[in-house]
Structure formats: structure tokens, C-alpha cells
Amino acid sequence: MRIDVVTLFPEFIAALLGCGVTGRGAVRGLIEVACWNPRDYTHDRHQTVDDRPYGGGPGMLMKVQPLRDAIDAARAASPQRARSIYLSPQGRRLDQAGVRELAREPALLLVCGRYEGIDERLIEAEIDEEWSIGDYVLSGGELAAAVIIDAVARLAPGVLGNAASAEQDSFADGLLDCPHYTRPEAIDGRQVPGVLLSGDHAAIARWRLKQALGRTWLRRPELLAGVGLDAQRRALLDE
Ligand code: SAM
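Given below as C-alpha cells:
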């Protein structure tokens, strides 16, 4: 998958690509990320990237010409037609279903706003969709772009050491994940649940499913409405 990011702070995205599984995915070429900085497309001595809003009021907007030229450059460099996304608190709220949808795209173009955002006519002309990472306001779209890149990269084939781990994560099957334990067997008197030491794989699978169902019911009951247990998991609970 290819992801082009239009941002005034490419170093923010570079930091993400230096870390963990996302970084390994980039190094191995499983995801390809390129940044395009509007500041590189300015023509004035001060490299101006902001401009005053019509109608007055507080705050600035991103200057149209450098932003537009950066978007054009990103599009020209992408081998496929990318689905273009403006990160915005007013957009569609990201969830795991949305991440799965975006992960199926061969190419994404993520446009990060700064200041009070970008000119509405650029959104109309250049952007397929607006996406939000939650109902709060960040000072820039870079964090939101990083969230999308990280969540999408985890689903790209080969990025995770063990593909099954993404299938067991929260939301993958509609449920929250079960609790996990590692060594030692006891921490300050708190024991690992005995079933996990039993070697009985069916019993462990049943315990994990019950924990996931219980947690989801306690913490996020609204998720249960969308969960259909397949025959295999129903049989496990009946045992
Ligand atoms: N004036 C805008 C509004 O109220 O809708 C907010 C501008 S915000 C200070 C600057 C930039 O941060 C936005 O252009 C957007 O790219 C990004 N941003 C802020 N909150 C976001 C969120 N929840 N999800 C995605 N991007 C966000």
C-alpha cells in the first residue's frame, strides 16, 4: 500500500515510521509512505504557508497555492489514483471497520490541516472524504494521519510478525480482547488464571471467549448488538 501525506511537519510522520511494526513495515517495503510539505512549494522569501480568512476573525488558514501544489505533486507521484482524505474533526469518525475499509485501498492521500484548517473550495475540489479520529480538536492533522497509517499498516499483509494477532485484537470480531498474562506465574500474590497453564487448548479458547464476551458486556455493551457468534464459537460455549 502507498500512503502520501501532505503535511507541514513531515518529521512527525517520519517519527512514526522509525518505530515498531509500522517502521518495520516501511523498511521492508510493505507500506510505502511519502510526505509532501507545502512549505517546499512556496515562492516567497519567507516561505509563507498561512493566510488570513475572508470575513476576518481569529486564526489563519493554510495558504491555498502551496497546499494545492503539494497535493498535485503527491498525486503525480502516486502510481495509483489515491483515495484522498482530509483529516478533520468534522469528518467520519474512524473505527476498526473504517480502518479495514481504508486498508483495502491501494493508495491513500492524507491531507493534514493546521491553523483553522483549509479553504473549503480545496476540500470540494481535491478531497474524497473527511475523516476524524474523535470528537476533540487537535492542533494539526498529523496525529490523526499517524493514527490512520499505524492502524492501516497493522492490517497490511506481512507487517505483523504473526497475522493471527490482528485477528484476535479488540474489534476484529466485534468483541474486546480477552486479558493477557506473561511470566512470572505470580506477581505480588496475583496468580495467572489456572486454565492458561493447563495445556487444554479447547478450555483456553473457551475461557478467552467468555472473558472477551464478559469484558465487552461490562465495558462496551453497545458493541454486543453487532456481534454474531459463528457456529464454532457457539459450540465452544456449549461445551
Ligand atoms: N477549525 C477547525 C474546526 O473546528 O473544525 C479545527 C482546526 S484544527 C485546530 C487544525 C487541524 O487539525 C484541522 O484542519 C485538522 O486537519 C486537524 N484536526 C483537528 N482535530 C482533528 C480530529 N479530531 N480528527 C482529525 N483531524 C483533526
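Residue numbers (full-length UniProt numbering): 1 to 239.
Glycine is no exception: its CB is placed at the ideal position from the N, C-alpha and C atoms.
Enclosing beta strand (DSSP E) for residue i [first to last residue]
i	result
GLY91	83-93
GLU124	GLU124 -> not in any beta strand (DSSP E); alpha helix (DSSP H) instead, spanning 120-126.
GLU130	129-132
Cβ-Cβ distance between residue i and residue j below 8 Å
i	j	result
VAL6	ILE13	no
ARG233	LEU209	yes
LEU30	ALA156	yes
VAL195	TRP207	yes
LEU87	LEU122	no
LEU160	GLY117	no
GLU130	GLY91	yes
GLY93	SER132	Checking the sequence shown, residue 93 turns out to be Arg, not Gly. Cβ atoms of ARG93 and SER132: closer than 8 Å.
ASP44	ILE85	no
ARG219	LEU176	yes
ILE3	LEU108	yes
ILE71	LEU110	no
GLN80	PRO106	yes
PRO89	VAL137	yes
ASP150	THR22	yes
ALA74	TRP36	yes
Beta-ladder partner(s) of residue i, from DSSP
i	result
ALA2	Per the sequence presented here, residue 2 reads as Arg, with Ala not at that position. Partner(s): GLU32 and ALA107.
ALA186	GLN191
ASP50	MET62
First and last residue of the uninterrupted alpha helix (DSSP H) at residue i
i	result
SER165	164-168
GLY25	20-27
ALA212	201-219
PHE12	10-17
LEU143	142-155
residue 243	Any property of residue 243 remains undetermined from this structure, which presents the chain solely from 1 to 239.
Residue i, buried or exposed, once every other Cβ within 10 Å from all chains shown has been counted against 16
i	result
PHE216	Residue 216 is actually Thr in this sequence, not Phe. The residue in question, THR216, is buried, as its Cβ has 16 or more Cβ neighbours within 10 Å.
CYS112	buried
CYS178	buried
VAL49	buried
GLY158	exposed
ARG199	Residue identity differs from the one stated: residue 199 is Gly in this sequence, not Arg. Per the 10 Å Cβ criterion, exposed.
GLY141	buried
GLY25	buried
TYR181	exposed
GLY20	exposed
ARG154	buried
PRO10	buried
ASN162	exposed
VAL33	buried
PRO38	buried
ILE187	exposed
LEU237	exposed
TYR41	buried
VAL152	buried
SER78	buried
ARG28	exposed
LEU224	exposed
ARG190	exposed
ALA76	exposed
ARG52	exposed
Contact with chain D by residue i, beta-carbon distance below 8 Å
i	result
GLY20	The question asks about chain D, but that chain is absent: this structure has only one protein chain.
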